[in-house]
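Enquirer: Note that the protein sequences, when read in sequence, are chains A and B. In terms of the numbering used here, the first sequence is residues 7 to 568. In terms of the numbering used here, the second sequence is residues 5 to 365. Right, I'll just put the structure down here and ask away after.
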Amino acid sequence: MNRFAAFLDRLSYEAGRNAKIRLMVDYFRSVPDPERGYALAATTGALGFVHAKPGLIRQLIAERTDPVLFGLSYDYVGDLSETVALMWPAPAGAAEPGADHKQQPPPTLAEVVETLSAALKPDLPHLLARWLDGLDETGRWALLKLLTGNLRIGVSGRLAKTAVAQLGGLEPDAVEEVWHGLSPPYTELFAWAEGAGGRPEARDPAPFRPPMLSHALEEQDFDTLDPQAFCAEWKWDGIRVQASAGERADGRPVVRLYSRTGEDVARAFPDLAEAIAANSGFRGALDGELLVVRDGRVQSFNVLQQRLNRKTVTPKLVLEFPAHIRAYDLLVDGTEDLRALPFAARRARLEAFVSRLADPRIDLSPLVPFGSWHELGAARAEPAASGAGVDADAIEGCMLKRRDSPYLPGRPKGLWYKWKRDPYLVDAVLMYAQRGHGKRSSYYSDYTFGVWRTVDAATAARELVPVGKAYFGFTDQELLELDRFVRRNTVNRFGPVREVTHAADSGLVLEVAFEGLQASTRHKSGIAMRFPRISRVRWDKPPSEADDISLLERLLAGRISA
Amino acid sequence: MRPSDVLKLTPAGLCCPLGGFHIDPLRPVERAIITHGHSDHARAGHGAVLATAETLAIMAARYGDGFTGAAQALAYGEALELGDVRVALAPAGHVLGSAQIVIETKPAAGPVLRIVASGDYKREADPTCEPFRPVGCDVFITEATFGLPVFRHPPAASEIDKLLKSVALFPERTHIVGAYPLGKAQRLMALIRAAGCDAPIYLHGAMERLTELYQEHGLALGDLRRIPAGSRRDAASRLPGAIVLCPPSATQDLWARRFADPVSCFASGWMRVRARARQKGVELPLVISDHADWDDLCRTITETGAAEVWVTHGQEDALVHWCTQQGLKAQPLHLLGYGDDGEAEPEDRPADDAGTAGAEP
Ligand SMILES: [Zn+2]
Chain A
7 MNRFAAFLDR
17 LSYEAGRNAK
27 IRLMVDYFRS
37 VPDPERGYAL
47 AATTGALGFV
57 HAKPGLIRQL
67 IAERTDPVLF
77 GLSYDYVGDL
87 SETVALMWPA
97 PAGAAEPGAD
107 HKQQPPPTLA
117 EVVETLSAAL
127 KPDLPHLLAR
137 WLDGLDETGR
147 WALLKLLTGN
157 LRIGVSGRLA
167 KTAVAQLGGL
177 EPDAVEEVWH
187 GLSPPYTELF
197 AWAEGAGGRP
207 EARDPAPFRP
217 PMLSHALEEQ
227 DFDTLDPQAF
237 CAEWKWDGIR
247 VQASAGERAD
257 GRPVVRLYSR
267 TGEDVARAFP
277 DLAEAIAANS
287 GFRGALDGEL
297 LVVRDGRVQS
307 FNVLQQRLNR
317 KTVTPKLVLE
327 FPAHIRAYDL
337 LVDGTEDLRA
347 LPFAARRARL
357 EAFVSRLADP
367 RIDLSPLVPF
377 GSWHELGAAR
387 AEPAASGAGV
397 DADAIEGCML
407 KRRDSPYLPG
417 RPKGLWYKWK
427 RDPYLVDAVL
437 MYAQRGHGKR
447 SSYYSDYTFG
457 VWRTVDAATA
467 ARELVPVGKA
477 YFGFTDQELL
487 ELDRFVRRNT
497 VNRFGPVREV
507 THAADSGLVL
517 EVAFEGLQAS
527 TRHKSGIAMR
537 FPRISRVRWD
547 KPPSEADDIS
557 LLERLLAGRI
567 SA
Chain B
5 MRPSDVLKLT
15 PAGLCCPLGG
25 FHIDPLRPVE
35 RAIITHGHSD
45 HARAGHGAVL
55 ATAETLAIMA
65 ARYGDGFTGA
75 AQALAYGEAL
85 ELGDVRVALA
95 PAGHVLGSAQ
105 IVIETKPAAG
115 PVLRIVASGD
125 YKREADPTCE
135 PFRPVGCDVF
145 ITEATFGLPV
155 FRHPPAASEI
165 DKLLKSVALF
175 PERTHIVGAY
185 PLGKAQRLMA
195 LIRAAGCDAP
205 IYLHGAMERL
215 TELYQEHGLA
225 LGDLRRIPAG
235 SRRDAASRLP
245 GAIVLCPPSA
255 TQDLWARRFA
265 DPVSCFASGW
275 MRVRARARQK
285 GVELPLVISD
295 HADWDDLCRT
305 ITETGAAEVW
315 VTHGQEDALV
325 HWCTQQGLKA
335 QPLHLLGYGD
345 DGEAEPEDRP
355 ADDAGTAGAE
365 P
């Protein structure tokens, strides 16, 4: 457990993707089964057991420390688990010479996980105290985070699987394919990755198939791509989902709704999952977009977001935000794997499959007819007039798929393209800057920007109100210049944050590109931006000419389009 | 005689009117006794300075030979009469030459009262300085930099192990380690050598003078090098795989950009608290301190047998509370001007000035 904790500790400070993978590969290589398998499960969130409540931890520490000292320490550290991990006293007698035999040996992660999965709530206090006695500061921190279900270390499931794949010469997608049939401590998986065993059987009746992804279309691509070789579909602004359904040996259906990264989100959409389970025509796997459809009309991403934000799914929520799948590919029909077939053939199978389902919750994403790139460009600019009708609000561009493309995992070149609608743009004023992490820790690379708001209509007095934060979109050269600007124009400091001069006649205008807006009570402006990034630095523009918040408010209200 | 007759708090710092001197005064005084060479304790411009020979040498290296009117060296264990008190120095284990100041009243003035002003101190073994020696006393004046029970330093060797493992795992990256140029830096070099690593260690300019001084005092630190001049595009001059030591402020400075995909490390007791390490953008925190941790502060107070404790700079409240729980008389001395709570923006202090960027309290 101490070794696992040291590994987690290091991972939690590391920002770089490749460095994280290297740390994981090193750990998996040097730690034996089953310890490493439980570590993999812990980092991917695949462990399930009774969680300890903060109250229990408070009670344990209160029995062992002075309340005044605990209070002062907690105030200083600001995190309960960390405070307790640091101030947990050495068990009585441990400090005496020759007392080593009295000390609890540190538990292994495997011991912790296996014991907890069999443990009942009343066992927790005793178990936890015994383990804490045996561990060092970092070990206690990791244990408490694990037990309270607060282990956040910035490692995605995909990253962990990539690290496992790198133990041998596997592709991450090969690990994805077998992943959902496996369970901790993943002994067969490691054996396979290290060449000591065969490929684990995919026993899951509804496994995940790594999705096929597209490239962004670039201006010069139009010269080389032949329009006749491609089909076009609308690009929906929802959640990419793979609906996978099969049957267990006893005939009971298994349904999973996988996100793009292979997380099963079925629990958040029981209405859909149950409908699929009940429909015996749906056995196989299809690829589509999860959307909220009300009264025959696809709702914008904002509406879908409102459903996603709810912790518990109530019948009322399901009625108010009916989930829907707009299908665009069929990977498996019954038990037949279609992925090697060309897109056009899969599309024909998909059309038959969907019509067989006869479920209003699952329909086809229509093809967009076109003869030339020019024609498609016109449709993309005006989806409402080009067949999308009332659903146009939920469209963010077009997808181009080669008629002869097989379904390949990852992002193969030359087969699928996304031609996104142009982003929204706003001219905003740089207000605050903060240092980045890792490689960027010497640069002010996180920028908070604002737009004007009228505070007094009579005098037309205006102030800047922050509307977003962006930390990419600029080139390395621009980063150098922005960093220099921040250092030379700082007017105030709050810890790691610098306030930068921002008045009508002095300051820096940033052209910010973003994908959409949402109403938000957490932001002073009442608005949250989706995917903001710096598209241009407007060294030439005075802040007084930056945009006004009324522009964003009109956009949010849907009264203007990009 | 009461302790407060022997030592008084004045705007210049702790003053002993009976002996006619101040301890680590914040502003120029006629006669100063200096516990150790960190710049918040050892300032230039006093009429006369009494300290260990090592501390005097450090002050001369930082401020030039004219840093005081008259310098007088006192070895550990030697005593000296100053006015109506006797003064002796005992090792504090903090940095080279660091001393506790032992002040004793004379028998003629009634029962002898002994006060120990410990300055900054630590108990963990350190190959670069004499180990701390507890001195029995009536009143013990202690620092409280890490005076909260969350501060428990792990063995320094295990932190060095963390650093060397990271160097082995990322041989294409430079590990730049922020460390105070007086004491911490030399201790790190010694610890790295003790761990069996004899690769060259590269030093920021602010480290050179004080490191030479440690070497002149007989400390073997192996192959130390200056950072080679060269363009950023020259792969070798970006020092992949090397360990570079620099003042803490420099790790986030423009200076750090010259290295190969640097791993930003920081050796300090503050690194025990995650929020602190994160706030500084540290990727590899090394919990290595030249101050006593909570357990050692408590142990030391007990070992001195003092019935009364004065707590100076740091987290006074918790330590005063602990003393009271032990039945000791305790009070905080609100000494301002010492220590660094670690919050200051590092880059605002010139990185090439060992005196300001370099001092750990
Ligand atoms: Zn000091």
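A virtual CB, placed ideally from N, CA and C, is assigned to each residue, including glycine.
Using a threshold of 8 angstroms, is the CB atom of histidine 40 of chain B nearer than that to any non-hydrogen atom of ligand 1?
Expert: Counted from its first residue, the second sequence places residue 40 of chain B at position 36. For ligand 1, at least one heavy atom lies less than 8 angstroms from the Cβ of histidine 40 of chain B.
Enquirer: Run the proximity test for glycine 140 of chain A: is its beta-carbon closer than 8 angstroms to any non-hydrogen atom belonging to ligand 1?
Expert: For the purposes of this step, residue 140 of chain A is taken as the residue at position 134 of the first sequence. No, Cβ of glycine 140 of chain A sits at least 8 angstroms from all heavy atoms of ligand 1.
Enquirer: Taking three-plus beta-carbon pairs below 8 angstroms as touching, is the stretch 263-279 of chain B in contact with the stretch 291-305 of chain B?
Expert: yes
Enquirer: Under 8 angstroms between beta-carbons, which chain A residues line up against phenylalanine 174 of chain B? List them in chain order, please.
Expert: Position 170 of the second sequence, counted from the start, is the residue given in the question as residue 174 of chain B. Per Cβ cutoff of 8 angstroms: Ala25 and Arg28.
Enquirer: Going straight from the alpha carbon of leucine 173 of chain A to that of arginine 66 of chain B, what length do you get?
Expert: By one-based count along the first sequence, residue 173 of chain A stands at place 167. By one-based count along the second sequence, residue 66 of chain B stands at place 62. Their Cα atoms are separated by approximately 52 angstroms.
Enquirer: Let me know the secondary structure DSSP gives lysine 445 of chain A once reduced to three states.
Expert: Within the first sequence, the letter at position 439 stands for residue 445 of chain A. Correct three-state label for lysine 445 of chain A: helix.
Enquirer: Reducing DSSP to helix, strand and coil, say where valine 518 of chain A ends up.
Expert: Locating residue 518 of chain A in the first sequence gives position 512, counting from the first residue. Residue state, collapsed to three classes: strand.
Enquirer: Taking 8 angstroms as the threshold, find out whether the stretch 17-24 of chain B comes into contact with the stretch 55-70 of chain B through three or more Cβ pairs.
Expert: Not touching, per the Cβ criterion.
Enquirer: Quick one: list the residues of chain A neighbouring aspartate 1 of chain B, beta-carbon separation under 7 angstroms, in chain order.
Expert: Since the first residue of chain B shown is 5 and the last is 365, residue 1 of chain B is not available in this structure.
Enquirer: Tell me which same chain residues have a C-beta within less than 6 angstroms of the C-beta of glutamate 176 of chain B, skipping the five on either side of it?
Expert: Start at 1 with the first residue of the second sequence, and residue 176 of chain B comes out as number 172. Excluding residues within five positions, the ones whose Cβ falls inside 6 angstroms are Pro244.
Enquirer: Excluding the five sequence neighbours on either side, which residues of its own chain have a C-beta within less than 6 angstroms of the C-beta of arginine 262 of chain A, listed in chain order?
Expert: Locating residue 262 of chain A in the first sequence gives position 256, counting from the first residue. Excluding sequence neighbours, arginine 262 of chain A sits near Ala212, Ser250, Asp270 and Ala272.
Enquirer: On the DSSP bridge list, what partners appear for glutamine 335 of chain B?
Expert: One-based indexing of the second sequence puts residue 335 of chain B at position 331. In DSSP, glutamine 335 of chain B forms a bridge with B:Trp314.
Enquirer: Mind pulling the chain B residues with CB within less than 8 angstroms of leucine 75 of chain A?
Expert: Indexing the first sequence from 1 puts residue 75 of chain A at position 69. The answer, in chain order, is Leu152, Pro153, Ala322, His325 and Trp326.
Enquirer: Below 8 angstroms CB to CB, which residues in the same chain sit around tyrosine 438 of chain A once its five sequence neighbours on both sides are set aside?
Expert: Working through the first sequence from its first residue, we reach residue 438 of chain A at position 432. Same-chain partners within the cutoff: Tyr453, Thr454, Pro472, Val503, Arg504, Glu505 and Val506.
Enquirer: Along chain B, which residues have their Cβ under 8 angstroms away from the Cβ of arginine 441 of chain A?
Expert: Walking along the first sequence from the start, residue 441 of chain A turns up at place 435. By Cβ distance, chain B contributes Gln256 and Gly285.
Enquirer: Hey, which unbroken runs of the beta strand (DSSP E) at 3 residues or more fall wholly within the stretch 317-400 of chain A?
Expert: Here the runs fully enclosed are 329-339 and 368-370.
Enquirer: Spatial neighbours of leucine 176 of chain A within its chain, please: CB distance less than 7 angstroms, with the 5 preceding and 5 following residues excluded, ordered by chain position.
Expert: Residue numbering aside, residue 176 of chain A sits at position 170 when the first sequence is read from its first letter. Result list for leucine 176 of chain A: Ala199, in chain order.
Enquirer: What in chain A is Cβ-close to proline 289 of chain B, meaning under 8 angstroms?
Expert: Within the second sequence, the letter at position 285 stands for residue 289 of chain B. What proline 289 of chain B touches in chain A: Tyr19.
Enquirer: Would you call the stretch 343-361 of chain A and the stretch 410-420 of chain A in contact, with 3 or more CB pairs under 8 angstroms?
Expert: yes
Enquirer: Find the residues of chain B that neighbour methionine 93 of chain A, judging by a C-beta separation of less than 7 angstroms, and give them in chain order.
Expert: Here residue 93 of chain A corresponds to residue number 87 of the first sequence, with the count starting at 1. Per Cβ cutoff of 7 angstroms: Pro153 and Val154.
Enquirer: Answer with yes or no whether the minimum CB distance from proline 103 of chain A to chain B is below 9 angstroms.
Expert: Within the first sequence, the letter at position 97 stands for residue 103 of chain A. Residue confidence is low: proline 103 of chain A scores 47 on pLDDT, short of 50, so the model does not pin down where it sits. Its coordinate-derived value is still stated next. Chain B, which has no Cβ nearer than 9 angstroms to the Cβ of proline 103 of chain A, makes this no.
Enquirer: For glutamate 163 of chain B, count neighbouring C-beta atoms within 10 Å of its own C-beta (all shown protein chains included) and say buried if the count is 16 or more, exposed if not.
Expert: Locating residue 163 of chain B in the second sequence gives position 159, counting from the first residue. Classification for glutamate 163 of chain B: buried.
Enquirer: For a test of your reading of the model: does the CB of glycine 522 of chain A fall under 8 angstroms from any non-hydrogen atom of ligand 1? Yes or no.
Expert: As a working note, residue 522 of chain A is residue 516 in the first sequence. Answer for glycine 522 of chain A: no, Cβ out of range of ligand 1.
Enquirer: Excluding sequence positions up to five away, which residues of its chain have a Cβ less than 7 angstroms from the Cβ of arginine 197 of chain B?
Expert: Residue mapping note: residue 197 of chain B aligns to position 193 of the second sequence, counting from 1. Around arginine 197 of chain B: Leu225 and Gly226.
Enquirer: Does arginine 16 of chain A have its Cβ less than 9 angstroms from a Cβ in chain B?
Expert: What you label residue 16 of chain A is simply residue 10 of the first sequence in a count that begins at 1. Cβ-Cβ to chain B under 9 angstroms: yes for arginine 16 of chain A.
Enquirer: Let me make sure I understand the geometry here. Which of A:Pro321, A:Ala166, A:Ser189 and A:Gly201 has the alpha-carbon closest to that of threonine 50 of chain A?
Expert: Residue 50 of chain A sits at position 44 when you count from the first residue of the first sequence. Of the candidates A:Pro321, A:Ala166, A:Ser189 and A:Gly201, the one whose C-alpha sits nearest the C-alpha of threonine 50 of chain A is A:Ala166.
Enquirer: Along the alpha helix (DSSP H) that carries glutamine 330 of chain B, what are the first and last residues, could you check?
Expert: For this step, residue 330 of chain B is matched to residue 326 along the second sequence. Glutamine 330 of chain B -> no alpha helix (DSSP H), and no H or E assigned at all.
Enquirer: If I measure Cβ to Cβ from threonine 168 of chain A and keep anything under 7 angstroms in the same chain, skipping five residues before and after, which residues do I get?
Expert: Looking up residue 168 of chain A in the first sequence gives position 162. Answer for threonine 168 of chain A: Ile27 and Pro178, listed in chain order.
Enquirer: From the DSSP output, in three-state form, read off serine 250 of chain A for me.
Expert: Translated into the one-based positions of the first sequence, residue 250 of chain A becomes position 244. Reduced to three states, the DSSP call for serine 250 of chain A is strand.
Enquirer: Answer yes or no: the CB of glycine 123 of chain B versus the heavy atoms of ligand 1, is any distance below 8 angstroms?
Expert: Here residue 123 of chain B is taken as the residue at index 119 of the second sequence, counted from 1. Result yes, Cβ under 8 angstroms from ligand 1.
Enquirer: Alpha carbons only, please: which of A:Arg367, A:Thr341 and A:Phe480 is nearest the one belonging to aspartate 301 of chain A?
Expert: Within the first sequence, the letter at position 295 stands for residue 301 of chain A. Comparing Cα-Cα distances from aspartate 301 of chain A to each of A:Arg367, A:Thr341 and A:Phe480, the minimum goes to A:Arg367.
Enquirer: Checking 9 angstroms against the spacing of the C-beta atoms, do leucine 310 of chain A and glycine 244 of chain A come in under that value?
Expert: Here residue 310 of chain A refers to the residue found at position 304 of the first sequence. Here residue 244 of chain A refers to the residue found at position 238 of the first sequence. The answer is yes: Cβ separation under 9 angstroms.
Enquirer: Decide if arginine 35 of chain A is buried, meaning its Cβ has at least 16 other Cβ atoms within 10 Å, or exposed.
Expert: The sequence position of residue 35 of chain A within the first sequence is 29, counting from 1. It counts as exposed.
Enquirer: Return yes when the C-beta of histidine 157 of chain B is under 8 angstroms from any heavy atom of ligand 1, and no when it is not.
Expert: In the second sequence, residue 157 of chain B corresponds to position 153, counting from 1. False, no ligand heavy atom lies under 8 angstroms from that Cβ.
Enquirer: Less than 8 angstroms separating the Cβ of aspartate 44 of chain B from some heavy atom of ligand 1?
Expert: Reading the second sequence from its first residue, position 40 is the one you call residue 44 of chain B. Indeed, a heavy atom of ligand 1 lies less than 8 angstroms from the Cβ.
Enquirer: Would you check whether ligand 1 has a heavy atom nearer than 8 angstroms to the C-beta of valine 277 of chain B?
Expert: Residue numbering aside, residue 277 of chain B sits at position 273 when the second sequence is read from its first letter. Flag unset: Cβ of valine 277 of chain B not near ligand 1.
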